[in-house]
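Trainee: The sequence shown runs -4 to 438 under our numbering.
Glycine is no exception: its CB is placed at the ideal position from the N, C-alpha and C atoms.
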Amino acid sequence: MQDTISKLQNTQDHQIKIFLILFALIFIGSAFLLDSVSTIIDGMSTIIMEGDRLITDYVEIAGFGATFLNAGLLMLLSLGLLQLSKAKLSGMAIAAVFLMGGFGMFGKNIVNIWGIITGVYIFAKLQKHPFRQYIYIAFFGTSLAPLTSELALWHNNTIMALLVAFLVTVAVGFFLAPVSNACLAVHQGYNLYNVGFGAGLAGTIIYAIISQIGYESTPVLHWYDSHHLGVILLLYGVFICFIICAFILDKQVLSKYRQLMKRSGRLVSDFIRSDNCGPVLFNMGILGITYTSYVLLVGGHINGPTIGGILTIVGFGGFGKHLRNTIPLVLGVVIAGYVGMGHLDEPVILLAALFATGLAPIAGQFGWIAGIVTGMLHLALVQSIGAYHGGINLYNNGFSAGLVALFVLPIIDVFAKQRRRQQEARFSKRVENDTLEEEIIRR
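(1) How would you call residue 220, buried or exposed, if buried means at least 16 neighbouring beta carbons within 10 angstroms?
(2) Using a Cβ-Cβ cutoff of less than 8 Å, which residues in the same chain neighbour residue 368 once the five nearest sequence positions on both sides are dropped?
(3) Which of the three DSSP states, helix, strand or coil, is assigned to residue 222?
(4) Using a threshold of 8 Å, state whether the C-beta atoms of residue 283 and residue 230 are closer than that.
(5) Compare the Cα-Cα distances from residue 146 to each of 251, 110 and 406 and report the closest residue.
(6) Around the C-beta of residue 406, are 16 or more other C-beta atoms found within 10 angstroms, so that it is buried, or is it exposed?
(7) Ends of the alpha helix (DSSP H) at residue 120?
(8) Does the distance from the CB of residue 22 to the CB of residue 53 come in under 8 Å?
(9) Please report the Cβ distance between residue 184 and residue 127, rounded to the nearest whole angstrom; I am assuming they are in contact, meaning their Cβ atoms lie under 8 Å.
(10) Compare the beta carbon distance of residue 312 and residue 279 with 8 Å and say whether it is the shorter of the two.
(11) Using only alpha-carbon positions, find the residue among 240, 27 and 218 that is nearest to residue 11.
(12) Tell me the rounded alpha-carbon separation between residue 281 and residue 234.
(13) What residue does the alpha helix (DSSP H) around residue 356 start on, and which one ends it?
(14) Compute the distance between the beta-carbons of residue 293 and residue 339, then report whether it is under 8 Å.
(15) Verify whether the separation of the beta carbon atoms of residue 218 and residue 342 is less than 8 Å.
(16) List in chain order: all unbroken alpha helix (DSSP H) runs of 4+ residues lying wholly within the segment 289 to 329.
(17) Give the secondary structure of residue 153 by DSSP, where H, G and I count as helix, E and B as strand, and everything else as coil.
(18) Leaving out five residues before and five after residue 303 in sequence, what residues of the same chain have Cβ atoms less than 6 Å from its Cβ?
(19) Counting C-beta neighbours from all protein chains within 10 Å, is the total for residue 333 16 or more, i.e. buried, or is it exposed?
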């Protein structure tokens, strides 16, 4: 039995590794179809040298070619670190690699991520634990990667400024590991962007400190607002390939997908381990097509941040998200957007809809009404919370999601307990009536 499980895990590991390598190579190859080599080189230089605070769309400042290359390289680097640390490849691995690639479209680059990762690595070694136990905290913790660029730019990118920026982010990464572990208990696994919540708290404190010593943050909005048909077709083509591959891997993928849709998604929900690779690929493809279509239907643009949001949803299709538990959150954001007289294609509302799906386990566990209300609250909070960390936390929605979960879960729990008591009372009444009927019959 143990040998069978081990063989299955090895097969899954191999399939996931091949899948992630191919996906990263598609992005890298596409980069050279979208732009010339000289344009890509100039764009990569811009991505590395410019600031990365929210919202900095790499497509707007550097072009599609450099942005896709940066995202693809980040995915390959992430997979390489997973292999070096001997981490088991799972649904969380897919989520982490896709998230790194997604935010490689706006905020993370091949230079600014290393301080956080190094800090988490040092923490693991001091705790005498293997790095693989903390590697996902390292990946998700790079939400604070803009801190490197901002501190370096603050002092004109001098060598000393770069060194100080690196050391500061190493320290942040070191303390982020225990903070993130503690945050899981706060939201009870109902916020899939757990490290985003911890990073938001850390970012708020760091921003307050550096503001005291003279750092000033001004709002940033670099947003590509045109349509590139080639990129849109590429996304749809890739997601359709996911679905085709799902049927190749598993002929009974549809029946297994229905089982996957019944899961709440609450942490830790590794769909690879519970449902296997075929249904997960199918789920990822369906999510990708659905939310790419959503962006286009509301009049949004396929740019760095929106592709990042779509890839994050797709990646978590292996680790907690599916249509049944994400649609209520998006619907809640849409309703709140209309009530607030906003436009659904506005950057903040559009990204809130995509990233509100981090709270998918609430809808999966407690139903559509809870999901819709949670989505509405998420939009209300996320529009103002960025000011507290000055845009240095890329997972602004993850921070907001953690606070929303902290607020709504006790309220939901009260109603859930009341409902359980009512059900138990009705059940007891039925048992009592049945017993009485049996007594009457015996007499």
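Mentor: This is what the structure gives:
(1) Residue 220 sits exposed, since fewer than 16 C-beta atoms from the chains shown fall within 10 Å of its C-beta.
(2) Answer for residue 368: 327 and 403, listed in chain order.
(3) Three-state DSSP puts residue 222 in coil, outside helix and strand.
(4) Taking 8 Å as the Cβ cut-off, residue 283 and residue 230 qualify as a contacting pair.
(5) Closest by C-alpha distance to residue 146, out of 251, 110 and 406, is 110.
(6) Burial call: exposed.
(7) Membership of residue 120 in the alpha helix (DSSP H) is indicated by the continuous run 109 to 121.
(8) Cβ distance not < 8 Å, so residue 22 and residue 53 don't count as in contact.
(9) Actually they are not in contact, since the Cβ atoms of residue 184 and residue 127 sit about 21 Å apart, beyond 8 Å.
(10) The answer is yes: Cβ separation under 8 Å.
(11) Closest option to residue 11, Cα to Cα, is 240.
(12) Taking the straight line from one Cα to the other gives about 7 Å.
(13) Residues 355 to 361.
(14) By the CB criterion at 8 Å, residue 293 and residue 339 fall inside the cutoff.
(15) The answer is yes: Cβ separation under 8 Å.
(16) Within the segment 289 to 329, the complete alpha helix (DSSP H) runs of at least 4 residues are 299 to 310.
(17) Of the three classes helix, strand and coil, the one that applies to residue 153 here is coil, per DSSP.
(18) Excluding sequence neighbours, residue 303 sits near 97, 98, 100 and 101.
(19) Exposed, since its Cβ has fewer than 16 Cβ neighbours within 10 Å.
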